[in-house]
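Notes follow once the structure below has been shown.
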Amino acid sequence: MTILPYLVAAFLLLAGLAGAVISRDLIRTIVALSVAQSGTYVLLLGIGWRRGGSAPVFADVDPGTRTVDPIVQALCLTDVVVGATVLSLLLALAVKVHQSSGSRDPDALTELGG
Amino acid sequence: MTRQVRTGLLVVGLLGFGALLVAALLAAPPSGRESHPYGDAASQISVQRQNTPNVISSINFDQRGFDTLGEEFLLFASVLGAIVLLRPTPGDKQVEVSDAPEPLDAVRALGVLLLPVVVLVGFYVVATGHLSIGGGFQGGVILATGIHLLFLAGDYKALRRVRPLPLVDVDDVVGAFGYIVVGLVGVAMGGAFLQNTLPLGTFNTLFSAGTVDLLSVAIGIEVGSGMILLLGEFLEQALGSQSSASSSGAGT
Amino acid sequence: MVVTVAAIVVPLGAGAILTGIGRWIPRVLLDIGALAAALATTVLTLLLLLEVQDSPSSRVVTWLGNWTPTGPPGQGFSVGIVLAVDPLGAAMALLSAVLMTLVLVYSWHHFTVSGPAFHALMLLLLAGLVGFSVTGDLFSLFIFFELTSTTAYALTGYLTAQDQPSQGALTFGATTTVAGVFILTGISLLYARTDALGLAPIGRALAARPPDVLVVAAFVLVIGGLLVKSAVVPFHFWTADAEAVAPTPVCVMLSCSLLALASVAVARVYWTVFSGSLTPDTIRGPLIGIGVLTGLVGGVMSVLQHHLKRMLAFATVAHGGLFLVGVGAVAPAGLAGTTVDALGHAGVEGALFCLVGILLHRYASISEHVLHGKGRNLEITGGLVVLGGLGLAGLPPFGTGLGKTITEHAAGAHWLPVIGTTIGALTGSAVLRMWARVFLGVGRPAPEDQSSRHSEEPADRARETGGPHPGERLSATMLVPVILLLVGALVIGLVPALRNWAAHAGAVLMDRPGFAGEVLDGVAPAPLPVEHVEGWTVERVLIGLIAPALAVVVAVAAVRGVGRAMESRLAAPLRIVRGLHSGHVGDYIAWQIVGAALLGGIVVLTAL
């Protein structure tokens with residue numbers, strides 16, 4: 001039971017990577033990368049979990065209550081927002097690729113090869 | 115490579131990589147463990163020394179504030195990059211500004227009703243980031259997406275009036291630069307860059323925790339404007355480019 | 367202390383300000399503003415280097431926000447983030463700032479921009495590079511890695527009016543995002559094991575027990591992610607695609623700064639974090655092996671290219687392989703070789719990219735086929751290309767040649783000089799062959815192939831520069847950086863103090879206990895003994911002359927069409943290697959996964 005979060009994270013990571021490789025549409029490639037990133041967030045949060053711990057915010061609770069690890073939450077928080085914007089940048093690139101070459105299929109976009 | 119070769123390579127790679135990863139995870143301390151020394155130290159310092167009930171905000175804006183500076187500029191760069199990439203180039207066909215298909219009346223009503231609520235919640239989340247769950251990042255996203263309820267409610271033209279992109283552009287810069295300015299406050303007061311040297315106030319009141327709230331507001335401005343710009347660029351690209359007289363964004 | 371922070375914050379702030387006011391100021395002010403910021407950063411990083419040199423322990427440690435560690439010696443702890451600058455870090459930061467300054471001079475006025483985004487993104491890239499070099503925290507390293515990557519994607523795809531840049535930028539973006547995912551996963555594993563995010567505390571905690579599969583996995587993930595940036599096989603596929611389409615100033619930053627910094631970061635992360643548990647002899651073999659493979663693949667691919675920027679990109683990959691050999695030599699002399707080679711390479715390759723950019727500026731093409739004979743009137747440019755090509759081959763006394771021999775001797779294997787010579791000969795010959803065809807017009811024109819067919823720039827408005835003004839003979843702002851870069855590469859190979867400094871810097875970087883002690887306990891270690899590395903002995907000069915000589919021979923043969931028979935026998939394997947560089951993003955990511963799995967397998971076998 002206690003390794004379930006880790007296994008879910010590993011699954012998301014591997015599934016995302018796999019999706020990015022076999023995708024036939026650049027948008028799906030980028031979304032697959034986002035899935036892989038979610039895997040890393042699940043991993044971080046799973047690592048930081050403390051059984052029975054509450055949220056690390058002491059506005060309403062006694063200082064001294066057991067909480068989960070705030071460090072990983074802080075890391076994930078900024079990462080989620082920033083990860084979304086970086087992927088938007090990639091999506092903008094995908095939009096440009098579609099505009100200029102008319103296709104979103106990686107198989108058809110091998111001009112730069114060689 | 116052909117599709118088959120690629121898939122074969124992928125399978126081989128995933129087997130090896132997956133085995134390594136799972137083996138490592140099995141060797142890791144199990145989830146739910148009791149010992150979190152770094153986290154507990156951060157909590158204690160946040161509550162007892164820095165008067166900040168929201169430990170996560172204390173970590174993001176006080177203890178590890180420099181990383182947040184980096185993340186903020188990462189966001190700034192992505193937004194700038196997306197604007198540059200999506201800027202209309204000569205030769206793009208000029209599309210008439212259109213709206214998305216007409217939404218249902220129920221959606222429209224909900225959108226109009228929710229808009230002020232969401233925006234207010236957004237401001238609240240940003241402003242009280244140091245007290246309860248929230249902060250600049252979360253609040254900024256709520257604000258940005260809240261304003262786009264106007265779009266969901268079917269009135270893209272109204273949205274464009276409410277969020278003049280050049281103004282939002284400047285806001286983005288103000289937020290980004292503002293973080294640095296607040297960081298320099300620490301230097302001005304004789305401490306280090308990003309040191310929390312403002313009065314720490316009373317625990318759990320609005321004006322407490324020193325610079326944490328200020329930095330949270332700066333981030334809120336930056337993230338909010340950045341998200342609006344980002345969504346705006348994509349919407350403009352999809353629904354119609356403006357004429358060059360009122361072009362959007364820093365890239366034009 | 368202040369200088370370290372300022373070196374990062376100044377370019378960040380300047381980038382933000384330029385973005386804000388850029389729309390309302392004329393182009394010349396934008397150029398001046400960006401150049402001023404880059405110059406300021408150069409001064410700051412220079413001051414930082416001097417401060418590091420003055421420090422008895424050769425390190426400058428700054429705990430940000432004054433979160434200084436507490437606790438007894440041996441158990442120092444802090445919740446904050448540290449910037450820990452050692453000589454190599456400061457040198458890499460200085461290199462980035464100098465390159466950025468020169469590149470901004472190169473883009474002065476001619477480079478077509480719309481709005482402040484180009485200049486702002488370049489400054490943000492610089493901030494990311496400086497931060498990447500000076501941080502002492504693994505998560506901060508990841509953030510600066512992402513900052514340099516993101517600005518790089520946007521800059522690579524900058525020429526949006528052309529068809530191809532977005533493709534190159536997208537493959538670049540996707541593969542580096544995967545690298546970022548690897549690194550973050552590795553950091554998570556390390557946090558789970560050690561409950562720390564700083565390089566020093568993680569290293570201390572890992573050294574306390576023998577390695578297990580978790581440590582190996584974390585090593586593969588973090589180092590593997592960094593190796594994507596250092597363009598090492600099989601993580602290198604993005605390099606040629608991105609640099610083929612990126613604007614010339616961006617190519618220089620990618621090839622000459624980012625690559626070198628990533629190689630140094632690999633060394634830094636290994637030594638401060640993993641060296642206590644994964645002993646040096648376990649990673650020696652894998653790193654040297656990968657380095658050699660990269661060098662050969664890069665060398666062969668660069669000869670096969672007729673697209674000038676792709677040619678140079680593969681030359682970069684080849685030399686990046688040599689950098690990794692130096693890191694894998696796990697000795698101060700090895701790092702000295704890498705540093706000298708990296709500095710020399712930055713000068714030579716930077717100059718070559720700028721020279722190709724000049725050709726692009728004047729003739730709107732970077733195809734060896736189309737440019738045949740066009741450069742006949744550009745004597746100065748041609749002469750500099752020859753110098754660059756010879757420098758790439760490691761002609762004494764260029765820094766590239768010196769670094770190569772130092773690395774080969776440090777790594778100890780007798781067959782390494784053969785590899786080094788081969789790499790130098792291959793990459794140098796490609797450039798010299800190009801020179802003969804373009805600037806002399808001799809021989810038959812290069813064959814037209816798929817990649818070179820797409821190296822034409824479309825109509826005027828989409829070009830990287832606006833083209834030369836009527837009557838413009840020499841583009842001074844474009845040539846001056848080239849000359850400075852080549853002179854720099856020569857000076858680096860000539861000054862003896864530099865190679866001894868580099869070895870000392872390597873020793874400082876390798877000193878894990880000293881690093882942890884100084885960062886966490888505030889206990890500065892005793893100064894390390896002065897290192898002495900051999901330089902240009904007669905034997906080394908003679909061996910160093912072989913590669914350039916071979917390069918000339920191969921170039922002449924290629925131009926004359928000699929050796930067709932050999933080429934046709936090699937055609938099948940060459941076609942396979944070339945075919946692997948397909949431009950398909952799915953292929954590249956698949957190779958990254960396989961590469962990580964293979965590296966993991968090898969390290970598991972050697973370490974456990």
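Protein chains in written order, with the numbering used here: chain F, 1 to 114; chain B, 115 to 366; chain V, 367 to 974.
Glycine included, C-beta positions come from ideal geometry on N, C-alpha and C.
Keep in mind that this is a model prediction, so the values were computed, not measured.
Is there a C-beta anywhere in chain V that falls below 8 Å from the one on T29 (chain F)? The residue you call residue 29 (chain F) lines up with position 29 of the first sequence. Yes, contact with chain V.
Residues that Y519 (chain V) contacts on chain F, provided the C-beta gap is smaller than 9 Å: By one-based count along the third sequence, residue 519 (chain V) stands at place 153. Chain F residues near Y519 (chain V): V86, L89, L90, L93.
Expressed to the nearest angstrom, what Euclidean distance is found between the alpha-carbon atoms of L504 (chain V) and G591 (chain V)? Counting from 1 along the third sequence, the entry for residue 504 (chain V) is found at position 138. Counting from 1 along the third sequence, the entry for residue 591 (chain V) is found at position 225. The C-alpha of L504 (chain V) lies about 13 Å from the C-alpha of G591 (chain V).
P63 (chain F) vs V161 (chain B) beta-carbon contact at 8 Å: Translated into the one-based positions of the first sequence, residue 63 (chain F) becomes position 63. Translated into the one-based positions of the second sequence, residue 161 (chain B) becomes position 47. Yes. Within cutoff.
Nearest-angstrom Cα separation, counted from A558 (chain V) out to L4 (chain F): As a first step, residue 4 (chain F) is located in the first sequence; it is residue number 4 there, counting from the start. As a first step, residue 558 (chain V) is located in the third sequence; it is residue number 192 there, counting from the start. If you take the alpha carbons of L4 (chain F) and A558 (chain V), they lie about 15 Å apart.
Three-state class that DSSP yields for T478 (chain V) in the structure shown: Within the third sequence, the letter at position 112 stands for residue 478 (chain V). DSSP places T478 (chain V) in coil when its eight states are reduced to three.
Closer than 9 Å at the beta carbon, the chain B residues around Q37 (chain F): Walking along the first sequence from the start, residue 37 (chain F) turns up at place 37. Within chain B, no residue comes near Q37 (chain F); the closest Cβ sits about 14 Å away, beyond 9 Å.
So, are the CB atoms of P392 (chain V) and Q419 (chain V) less than 8 Å apart? Mapped onto the third sequence, residue 392 (chain V) falls at position 26. Mapped onto the third sequence, residue 419 (chain V) falls at position 53. Annotated as distal: P392 (chain V) and Q419 (chain V), with beta-carbon spacing of 8 Å or more.
Residues in the same chain with beta-carbon distance under 6 Å from A626 (chain V), minus the five sequence neighbours each way, listed in chain order, please. What you label residue 626 (chain V) is simply residue 260 of the third sequence in a count that begins at 1. Cβ neighbours of A626 (chain V) beyond the five flanking positions: A708.
Is any beta-carbon of chain C found at less than 8 Å from that of Q164 (chain B)? The chain labelled as chain C is not found among the protein chains of the depicted structure, namely F, B and V.
Looking at the structure shown, is V126 (chain B) part of a helix, part of a strand, or coil, going by DSSP? Numbered from its first residue, the second sequence carries residue 126 (chain B) at position 12. Looking at V126 (chain B) - three-state DSSP - the assignment turns out to be helix.
Using a Cβ-Cβ cut-off of less than 9 Å, give me the residues of the segment 289-317 of chain B that come near chain F, in sequence order. Cβ contacts with chain F come from F317.
As assigned by DSSP and simplified to three states, the class of L245 (chain B): For the purposes of this step, residue 245 (chain B) is taken as the residue at position 131 of the second sequence. Looking at L245 (chain B) - three-state DSSP - the assignment turns out to be coil, as it is neither helix nor strand.
Return helix, strand or coil for S733 (chain V), following the three-state DSSP convention. The residue you call residue 733 (chain V) lines up with position 367 of the third sequence. Correct three-state label for S733 (chain V): strand.
Please classify S976 (chain V) as buried or exposed, where buried requires at least 16 other C-beta atoms within 10 Å of its C-beta. Look at the range of chain V in this structure, 367 to 974, and you will see that residue 976 (chain V) is not part of it.
Identity of the residue in V:P783, V:R829, V:G872 nearest I912 (chain V) by Cα: Translated into positions along the third sequence, residue 912 (chain V) becomes position 546. Ranking V:P783, V:R829, V:G872 by Cα distance to I912 (chain V) puts V:P783 first.
Quick one: give me the first and last residue of the beta strand (DSSP E) that T316 (chain B) is part of. The count along the second sequence starts at 1 and reaches residue 316 (chain B) at position 202. It is not in any beta strand (DSSP E) - T316 (chain B) carries neither H nor E in the DSSP assignment.
Can you find at least 3 beta carbon pairs, one from the segment 648-663 of chain V and one from the segment 515-525 of chain V, that sit closer than 8 Å? With the cut-off at 8 Å, the segment 648-663 of chain V and the segment 515-525 of chain V do not touch.
Any alpha helix (DSSP H) of 4 or more consecutive residues that is wholly inside the segment 21-77 of chain F: Counting only runs of 4 or more residues that sit fully inside the segment 21-77 of chain F, the alpha helix (DSSP H) segments are 26-48, in chain order.
According to a CB-to-CB cut-off of less than 8 Å, which residues of the segment 477-495 of chain V neighbour chain F? Answer in chain order: no residues at all.
Give the range of the alpha helix (DSSP H) segment to which W429 (chain V) is assigned. On the third sequence, position 63 is the one that residue 429 (chain V) refers to. Where W429 (chain V) is concerned, there is no enclosing alpha helix (DSSP H), although the beta strand (DSSP E) around it starts and stops at 426-429.
Under 7 Å between beta-carbons, which chain V residues line up against E185 (chain B)? List them in chain order, please. To locate residue 185 (chain B), count along the second sequence from 1; it is residue 71. Within 7 Å Cβ-Cβ: I509.
Find the nearest neighbour of G790 (chain V) within the set V:R728, V:G910, V:F511, V:G832, judged by alpha-carbon distance. Position 424 of the third sequence, counting from 1, holds the residue named residue 790 (chain V). Of the candidates V:R728, V:G910, V:F511, V:G832, the one whose C-alpha sits nearest the C-alpha of G790 (chain V) is V:G910.
According to DSSP, which residues form a beta bridge with D503 (chain V)? The residue you call residue 503 (chain V) lines up with position 137 of the third sequence. Looking at the DSSP output, D503 (chain V) sits in a beta bridge with V:G564.
Is it buried or exposed, K770 (chain V), if we count other Cβ atoms within 10 angstroms and call 16 or more buried? Mapped onto the third sequence, residue 770 (chain V) falls at position 404. It counts as buried.
Taking 6 Å as the limit between beta carbons, can you name the residues of its chain near D397 (chain V), skipping five residues before and five after? Position 31 of the third sequence, counted from the start, is the residue given in the question as residue 397 (chain V). A distance below 6 Å between beta-carbons, with the five flanking residues on each side excluded, links D397 (chain V) to the following residues of its chain, in chain order: W474.
Using a Cβ cut-off of 8 Å (strictly closer), state whether D529 (chain V) contacts chain F. For the purposes of this step, residue 529 (chain V) is taken as the residue at position 163 of the third sequence. Among the residues facing chain F, D529 (chain V) is included, as its CB has a counterpart in that chain under 8 Å away.
Quick check: is the beta carbon of S361 (chain B) nearer than 8 Å to any beta carbon in chain F? Here residue 361 (chain B) corresponds to residue number 247 of the second sequence, with the count starting at 1. With a pLDDT of 38 at S361 (chain B), under the threshold of 50, the predicted position of this residue should be treated as unreliable, though the coordinate-derived value follows. Not one chain F Cβ lies under 8 Å of S361 (chain B).
Short CB-CB distance (under 8 Å) between V81 (chain F) and chain V: Taking the first sequence and counting its residues from 1, the one referred to as residue 81 (chain F) is at position 81. No, no contact with chain V.
Give the DSSP-derived three-state secondary structure of A450 (chain V) in the structure shown. Sequence index remark: in the third sequence, residue 450 (chain V) carries index 84 (1-based). A450 (chain V) falls in the strand class under three-state DSSP.
Could you spell out where the alpha helix (DSSP H) holding C617 (chain V) opens and where it closes? If you number the third sequence from 1, residue 617 (chain V) lands on position 251. Taken as a continuous stretch (DSSP letters only), the alpha helix (DSSP H) holding C617 (chain V) covers 614-618.
Which residues bound the alpha helix (DSSP H) around Q252 (chain B)? On the second sequence, position 138 is the one that residue 252 (chain B) refers to. Counting along the chain, the alpha helix (DSSP H) containing Q252 (chain B) begins and ends at 250-261.
Can you list, in chain order, the residues of its chain with a C-beta nearer than 6 Å to that of L413 (chain V)? Leave out the 5 residues immediately preceding and following it. Here residue 413 (chain V) refers to the residue found at position 47 of the third sequence. Non-local C-beta neighbours of L413 (chain V) in its own chain, meaning closer than 6 Å and more than five positions away in sequence, comprise V369, ordered along the chain.
Where does the unbroken alpha helix (DSSP H) through Q419 (chain V) begin, and where does it stop? Residue mapping note: residue 419 (chain V) aligns to position 53 of the third sequence, counting from 1. Looking at the DSSP string, the run of the alpha helix (DSSP H) that includes Q419 (chain V) is 393-420.
List the residues of chain V whose Cβ lies closer than 7 Å to the Cβ of I3 (chain F), in chain order. On the first sequence, residue 3 (chain F) is found 3 positions in, with the first residue counted as 1. Result: empty, since nearest Cβ-Cβ is about 11 Å, beyond 7 Å.
Who are T436 (chain V)'s beta bridge partners in DSSP? Against the third sequence, residue 436 (chain V) aligns to sequence position 70. Residue pairing for T436 (chain V): DSSP places it in a beta bridge opposite V:F443.
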